[in-house]
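Everything in the sequence shown is counted per the working numbering, starting at 173 for the first residue and increasing by one. Just so you know, even glycine gets a beta-carbon here, dropped at the ideal spot from N, CA and C. Here the structure is laid out as structure tokens; the discussion comes afterwards.
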Amino acid sequence: MEALKRYVVVAAALLLCAFALSSTTVVRAVADKVGSVFVSNDVANAVPVLVTNGERAPSSHVTVVHLAPSNAGYRQQFADGSSAGADFAIPPGQVLVVTDIEVTFRRGAAAAGQTASYFLQSTDATVPGQQTRARLQATLNAEGNGADTRHLQTGIVFAATNSLTDSLPAINTFDVAVLRGYLTADR
């Protein structure tokens, strides 16, 4: 019986030594593999990318349009092409992030060669005065037309207390300003 106990103890000790040696070998093998990793991002070896913060509900995307000859301000344009009947207002508790601005200047042949400018401005109910937030301009062609666009990587943020305004003349032009962006929670 004493001999059996001795054999069991020796077998257990050998088994522990085998585990210890094999775990060191496994760790060393894994470390060797990690040291030789090569990452390439090309057509043959594309790296998959998952974008999580750029995913927005379609309802959060906003397009607003200002037609200069009208008395209306910026009106929201919906996916079906129709427009809201009232000026766009940023909902309380949210901000509007404008990511794209597109302006088309239509002044007529008499304005050919002139520079037409557009200033995106905001009026904040909590701060006196108007703030210029972006400027676009174009030299008008022989027909008196021109255009300018901006894509803003980080966007321009407008608070719920802001009203969107601009410098487009209200008469004698057919200028159009289109703003695209999204609504998000004001944090």
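Hey, is the stretch 224-244 in contact with the stretch 351-358, meaning 3+ C-beta pairs nearer than 8 Å? yes
With H, G and I counted as helix, E and B as strand and the rest as coil, what does DSSP make of Ser289? Mapped onto the sequence shown, residue 289 falls at position 117. Strand.
Quickly, what does DSSP pair Ala357 with across the bridge? List them, please. The residue given as residue 357 occupies position 185 in the sequence shown. Paired residues: Gln266.
From Ala310 to Phe250, what distance separates their C-alpha atoms? The sequence position of residue 310 within the sequence shown is 138, counting from 1. The sequence position of residue 250 within the sequence shown is 78, counting from 1. In a straight line, the C-alpha of Ala310 is about 28 Å away from that of Phe250.
Compute the Euclidean distance between the alpha carbons of Val223 and Ile273, then round it to the nearest angstrom. Numbered from its first residue, the sequence shown carries residue 223 at position 51. Numbered from its first residue, the sequence shown carries residue 273 at position 101. Confidence in Val223 is poor, its pLDDT being 48 and thus under 50, which makes the residue's placement too unreliable to answer from.
What residues in its chain sit with their C-beta under 8 Å from that of Ala281, if we drop five residues either side in the sequence? By 1-based counting over the sequence shown, the position of residue 281 is 109. Ala314, Glu315, Gly316.
Taking only three categories from DSSP, how would you classify Arg178? Taking the first residue of the sequence shown as 1, we reach residue 178 at position 6. The answer is helix: DSSP assigns Arg178 an H, G or I state.
8 Å contact criterion, which Thr271 and Gly318 should meet: CB distance rounded: As a working mapping, residue 271 is identified with position 99 in the sequence shown. As a working mapping, residue 318 is identified with position 146 in the sequence shown. At roughly 22 Å, the Cβ-Cβ gap does not stay under 8 Å, so Thr271 and Gly318 are not in contact.
Among Phe277, Ala244, Thr333, Val348, whose alpha-carbon lies nearest the alpha-carbon of Gln302? Residue 302 sits at position 130 when you count from the first residue of the sequence shown. Ranking the options by Cα distance to Gln302, first place goes to Thr333.
Taking the alpha carbon of Thr433 as the reference point, which residue from Tyr290, Phe330, Ser254 has its own alpha carbon closest? Lying outside 173 to 359, the shown extent of the chain, residue 433 is not represented and no answer is given.
Helix, strand or coil for Pro230, going by three-state DSSP, please let me know. If you number the sequence shown from 1, residue 230 lands on position 58. Residue state, collapsed to three classes: helix.
Looking at the unbroken beta strand (DSSP E) that takes in Pro300, where does it start and where does it end? As a first step, residue 300 must be located in the sequence shown, where it is residue number 128. Start and end: 299-311.
Classify His323: buried if its beta carbon has 16 or more other beta carbons within 10 angstroms, exposed otherwise. The residue labelled residue 323 in the question sits at position 151 within the sequence shown. It counts as exposed.
Of the residues Thr337, Thr345, Thr356, the one placed nearest Gln266, counting alpha carbons only: Within the sequence shown, residue 266 is the residue found at index 94, counting from 1. Minimum Cα distance to Gln266 is reached at Thr356.
With a 10 Å radius around its C-beta and 16 neighbouring C-beta atoms as the bar for buried, classify Asp252 as buried or exposed. Here residue 252 is taken as the residue at index 80 of the sequence shown, counted from 1. Asp252 is exposed by the Cβ-count criterion.
Beta-bridge pairing of Gln248 - partner residues as DSSP gives them: Numbered from its first residue, the sequence shown carries residue 248 at position 76. Gln248 is bridged to Val236.
Identify the continuous beta strand (DSSP E) that holds Ile328 and give its terminal residues. Here residue 328 corresponds to residue number 156 of the sequence shown, with the count starting at 1. Its beta strand (DSSP E) spans residues 317-330.
Roughly how many angstroms separate the alpha carbons of Ala284 and Arg305, rounded to a whole number? For the purposes of this step, residue 284 is taken as the residue at position 112 of the sequence shown. For the purposes of this step, residue 305 is taken as the residue at position 133 of the sequence shown. Near 27 Å, if we compare the C-alpha coordinates of Arg305 and Ala284.
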